[in-house]
Every structure is written in C-alpha cells, then in structure tokens.
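Worksheet: one structure, shown below.
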Amino acid sequence: MRQRPPVIETDLSRRTVLLATGATGLSAFAGCSTDGTPSETEPDPTEPTEATTVAAHSSPDLEKWVDEVPRPGVVEPDGTKDGQPYYEIEMREVEQQLHSDLPPTTVWGYDGQFPGPTIEAEQGEPIYVRWQNDLPDDHLLPVDTTVHGEMIPYDIPGVRTVTHLHGGNIESASDGKARGWFTRDFEETGPAFEKKDYYYANDQPPATLWYHDHAVGITRLNVYAGLAGFYLLRNDRERELGLPDGEYEIPLVLQDRSLEGDGSLFYPSAVSEDRGGDDSHPEPSIVPEFYGDVPVVNGKAWPRLSVEPRKYRLRLLNGSNSRYYDLALREYDEASGEVGDDGPQFLQIGNDGGLLSEPVPVEGRLEIGSGQRADVVVDFSEYAGETLLLHNDAPSLYRGTLEKSEETKPLPELAVVDVADSEADDARDLGEIPDDLTEVPEIPVEAADRHRHLTLAGDTDEYGRMVHLLGSEDQPSGHNLDDPVTEEPELGDTEIWSIANHTSMSHPIHLHLVHFQLLGRQPLADYEPSEDGLDPKALEEPRPYELGWNDVISVDPAEVVHVIVHFGEYEGLFNDQTGEYMWHCHMIEHEDYDMMRPFRVLPNGEDEPDDG
C-alpha cells in the first residue's frame, strides 16, 4: 500500500469539512441503542425496515457461504446487420434469488438476469447491439427529482436508460452518453440520443470491458438495480498464450448491496446525519456515497466458489457504486470464522485496457476502485482441500490507505473459495504463464502537445448537500455538468492530464473513449499548476500493475495524478474517433451529482466551436 501525504486544509468547503470529520454514526445501526448495545426490541427480520439512511439500516442476518458463485452465460447474436453480428438485449424487471434463505428479489437485468449476459467479441470484428428498454413506468428505487431538474423531464412516463460500453474505443453516437437516454420502446429520447443500434468496432486490444447504464441523474439507481454485465474482447494472439480458459476462466463482478428481510433491495432515500443530512434536504434525496453491508458476487450474496487445485484466470470487476476493495486471498477456518495466513498470490496479467507487457506478482493487496478491472491468474495447486477467503481490507470511506478510524459499513468478507482435494484427471494444469504477454508501446512525455491542469473539488447545493465537481485550470473550484465544454483536444493530439484532488477522499476517475498511461503521482503540496511539462523521474512511480493501458485511475486526497493520453490510433492500436464523450468519477453517486463533464475530440485542424 503506497503512503499518502496528509490532506491539505486549503479552501475547505462545507463538503470537505464533513468528509474530514468522517462517519460517527456506527451506533445508529438498526437493533442497537446509542451506546452500541442491542436494543430491547429487535425488528422483525422478515419485514422491510422504515430506515431511510444507510447508517440506520441493517440487512437480515444471512447464513454465509451457502450458494455457489454463478457464472454469467454468454449471449448469442440474434442475427446480422450489414454482415456483422447483431444483438438485441432487453432490459426488464425480473425476480432473482440472491440468497437461498431469502425470497426472490426484484431486480432489473439485461436479458432478464443480474448481472447481464456476457458479450464475447473478437478484436477487429465489429458488432451491433440494440439495447431494448422494457422496464416499468415507475422506478424500483427512490428518485430524487432535484438532481439536474433543469435538464431531466422527470414528469415523463417510463424509466430512462442508456447503456455505456465501459472501456470501448467507439464512435460518439454509440458511446451511451448520459443525455442520450431513452424510455420503453424509444417512446421518449434525450437530447443527445442519436441511434437505436449501437456500433462497436472492437478495434482495440483484447480486454475485460463491461457495459452498464449511464442515464443522467439516475445512473446510481439503474446500476444498483442490476443493469451491468461483462463484455470480453478476445483475439488469437491471446489464445496462443496458454492462459487458463473455458471453465478455468471466471469473470467475477464484486458489488455491495443492502437487503430487506423480504428480499427486496434497500437503497437510502436520505443522507445519514454523520454525512451531513438534516431536515432541509428533499425527500427522497441523493446520498453522497453508498456502502452496502452484503457482498454480492455475480448476483449471489455471501457466496462460495469451488475450484480445483490448479491455475485459474479471474477477471475481477469492481461493479460497486462507491466502494473500493483492497483484495487478498487468505486461509480461512469456516467453522470458527478465523482468518489465517496469506493464501495464494494474485499474478496480474491485465488491467482496464488489456494485457500487461509481462505478468506482475501483486505484493500485498490488490487495490481496485469502482469501475476498474484486474485480470489475474491464481494458482491454487498448493492449497488442495483447503478453504480460502477473498478478503477486503479497504475502509468504506477510502483515502488510499487502510486507515479505519472513519469506517461506516465494513465489508471484509466477500466470498470463500473451496479448493478440491485433487485435480480432475482430464484437467491437468501443466502450462506456465509466459514471461511476455504483449507489447505495450510507451507514450513518451515529450510527445505531449498540451498539458491540462484539472481538479477534483467540492461544494454544497441550495439544500446544503455535498456536491462533487470537476474543475479546470481556469476554474479549479469546479464546473457543473451542463457548463460549456472546457477540454477539446484534436484528433491525433497527445495530452498530459494532471488531476489534483482537493477533497478528503479517493476518487476513481474514468475517461470514455480513450485509454491512457499513468506517468506518476506527487503530493499536492509539491505541485505547481501554472507550470507545464513533467519530469517523470521526480514523480512517485506507478505500481507495476498500473502500467499498460488504463481507463480508470484512483486519485487520493492531497495528491496529483499525471496521465498521458493520445486521442486516436496509436502504434497500430485503437482507432480514430471524434465527437463528444464524458469523463467523470466512477463512484456513481458522485457521477450523478455532479462529478461528470463532457470533453470533445475535434477533427484535426478544426477551430473550436463557439459554445456561447
């Protein structure tokens, strides 16, 4: 775990002060008195609670490690369009059992399942997808109509959705813009809606991508309801590496949820007092972040994963709304619940944008923020007959360290792994992971055409609620989502983006369209935003598994992260696209309000359009 400098208390907004004070409401869990002891009257665990905040709600006490981790199926094309595979994937409301001891839970799923079916595509072979909205007229979860009320028609019938292929190097019209939403059967569409059938060129390195909802103002609710799934891009070069495949390759999406006794999803409709909530807020109200108290892996709560004593490829995705994970496999005594010594190590072979140039043994724990992916190989051969725990050591209010003084909803136990006594006779694991995985061309710092200085900031709205913002050099205090575009690179340009975090919590920052390379980090106190150009040798170096292509990067408090990004094809990788895209924090509550901004890639040599 890298060390972090202390937070610099400059220009503190009310939001920063509230974040710095942390959570003090642990005794407010349901079933406890103010001193933390059990109350005299326990709630009926089978009935929905009347709690409206995260701090006041507790999920039912479920038996752990009952259900096996499901593996999402692979969806097949429905036909062809222009000679390419064509998919119709329907979003609809379904009942799905998240735990054997619970009644079925009402969720929203792509093709009627949560998580949605995996799309498997081939590098260089385009596909078309029509994301069909067949959701009910009313939302499953509490909608705060004060969020972007000036740009969202909350009075129209139907639920707004729009699907974003996260990590896709794709045309602007198919990117799933936040304001490109549509309702059931495309009856109503948003101002940025352009087409029904999305075109994915798949002209990029093979990688673990994923798709999820991106509708402005309700992304947090739609994803929490279940609208997310894997998109795996493959090629023959990767197949020739001899990596674990078939049943020995397992996509795992890690999420947190809160549940009622009747199996229904709980999502807060009010801000906890410890996070700045008071009577002046609207009801329902957006919350600063969401942390659930039930781990859900591939749609199952408190699950177990059965493996053989051999190598597996695990494609890990943090699909949680706000929670960070610091992961390790630990030895585990299921009878006593005691966590033992370190288990097998993660060998990371890829991240957001595809394979790393060489495998990286993860020393210590694997940090993965919301939206990030880690492609890892785990060798279970030395643990035959043992039980392991997928253990998380990240506090919910994450600041880049394992400091737990301001914990709200800890979630250390995610899943158990049962390693069989012996390997199946027909599944001998004789292969070694190659030392060379792929070639990742470096983008040199001297190639940069421009250096942008950007900020992560905070403020409060008219109700006194926290608002999370992205700022620029000219306005470091932050812009709103609908302010004029401030980042307009030209096609073929290479830019350095220096992102300075003036808040007191970590933010996973995601850029649509492009993949970037991390140059390094430095303390905010040592950063001078008026100076362009960088000496990477003066920065804290990327961790080995942060090398290669990234589309999400964590920026910790009082830290500046420097990335270099090329807009367009680079060394035979990716492709040229122009138009409008988004960049935002991938803590989805932050993204919804208001930590998201458009950027526009201009054709080479074109003058910047007048936004006024």
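For the sequence shown, this note's numbering assigns the number 907 to the last residue and increments by one with no breaks.
The C-beta atom is built at its ideal place from N, Cα and C for all residues, glycine as well.
Need the endpoints of the beta strand (DSSP E) that residue i sits in, please.
i	result
TYR493	492-495
ILE728	ILE728 -> no beta strand (DSSP E), and no H or E assigned at all.
ASP508	502-508
ARG532	Counting along the chain, ARG532 falls outside any beta strand (DSSP E), though it belongs to the alpha helix (DSSP H) covering 531-534.
ILE794	789-796
ASN613	606-613
PRO590	589-592
LYS376	374-376
TRP878	874-880
HIS774	It is not in any beta strand (DSSP E) - HIS774 carries neither H nor E in the DSSP assignment.
ALA351	Element bounds for ALA351: n/a, residue is neither H nor E.
TRP597	No beta strand (DSSP E) contains TRP597, which DSSP labels as neither H nor E.
LEU814	811-818
Please report the distance separating the alpha-carbon of residue i from that of residue j.
i	j	result
PRO372	THR413	12 Å
TYR562	ASN616	11 Å
LEU624	ARG660	9 Å
HIS879	LEU554	28 Å
LEU528	ALA510	24 Å
ASN899	LEU549	40 Å
LEU516	GLU757	23 Å
GLU866	PRO739	12 Å
TYR449	ILE794	34 Å
TYR679	VAL673	Note that residue 679 is Ala in the sequence shown, not Tyr. ALA679 and VAL673: Cα-Cα distance of roughly 13 Å.
ARG892	HIS805	11 Å
LYS490	ALA820	46 Å
HIS576	PRO437	14 Å
LEU684	GLU741	45 Å
ILE883	GLU385	23 Å
GLY645	HIS810	13 Å
PRO500	ILE422	16 Å
GLN643	PRO839	9 Å
GLU578	ILE447	18 Å
GLU708	ASP569	25 Å
ASP356	GLY556	9 Å
PHE869	ASP470	15 Å
ASP429	GLY512	19 Å
TRP426	PRO824	42 Å
ILE728	GLU533	12 Å
Take residue i as the anchor and find which of the options has the nearest alpha-carbon.
i	options	result
ASP480	THR503, THR456, ALA496	THR456
ASP788	THR733, PRO736, VAL860, GLU626	VAL860
SER676	GLU662, ALA715, PRO690, LEU684	ALA715
ASN530	THR503, HIS507, ARG552	THR503
VAL402	GLU445, GLU603, TRP476, GLY558	GLY558
PHE352	HIS807, VAL566, ARG745, MET800	Contrary to the premise, residue 352 reads as His rather than Phe in this sequence. With distances taken between Cα atoms, HIS352 lies closest to VAL566.
THR375	GLU383, PRO771, GLY368	GLU383
SER564	THR440, ASP647, LEU522, SER767	THR440
ASP769	GLY378, ARG747, ARG425	ARG747
LEU536	HIS881, VAL896, ASP731, PRO784	ASP731
GLY572	GLN379, THR347, GLN667, VAL424	THR347
PRO410	PRO452, LYS595, PHE862, PRO831	LYS595
Under the criterion of a Cβ to heavy atom distance below 7 Å, does residue i qualify as lining the ligand SAM?
i	result
LEU430	For the structure depicted, the ligand SAM is absent and the ligand set is empty, with no information on it obtainable.
Do residue i and residue j have their CB atoms nearer than 8 Å?
i	j	result
GLY843	VAL671	no
GLU782	LEU813	no
GLY664	PRO803	yes
ARG610	ASP551	no
GLU359	TRP505	Before going on, a small fix: residue 359 reads as Lys here, not Glu. For LYS359 and TRP505, no; Cβs fall outside 8 Å.
VAL780	PHE894	yes
VAL589	SER354	yes
MET890	PRO852	no
GLY773	LEU786	no
GLU390	PRO399	yes
THR478	VAL454	yes
LEU547	VAL592	yes
SER717	PRO539	no
Looking at the secondary structure, which residues open and close the alpha helix (DSSP H) in which residue i lies?
i	result
THR514	514-520
ASP887	883-887
Does residue i pass the burial test, meaning 16 or more other C-beta atoms within 10 Å, or should it be called exposed?
i	result
THR750	buried
ILE465	buried
LYS606	buried
TYR888	buried
LEU697	exposed
VAL369	exposed
VAL312	The predicted position of VAL312 is uncertain, since its pLDDT is 27 and thus under 50; a value taken from the coordinates is nonetheless stated next. VAL312 is exposed by the Cβ-count criterion.
PRO639	buried
GLY828	exposed
PRO656	exposed
GLN760	The amino acid occupying residue 760 in the given sequence is Arg; Gln does not appear at that position. So ARG760 ends up on the buried side.
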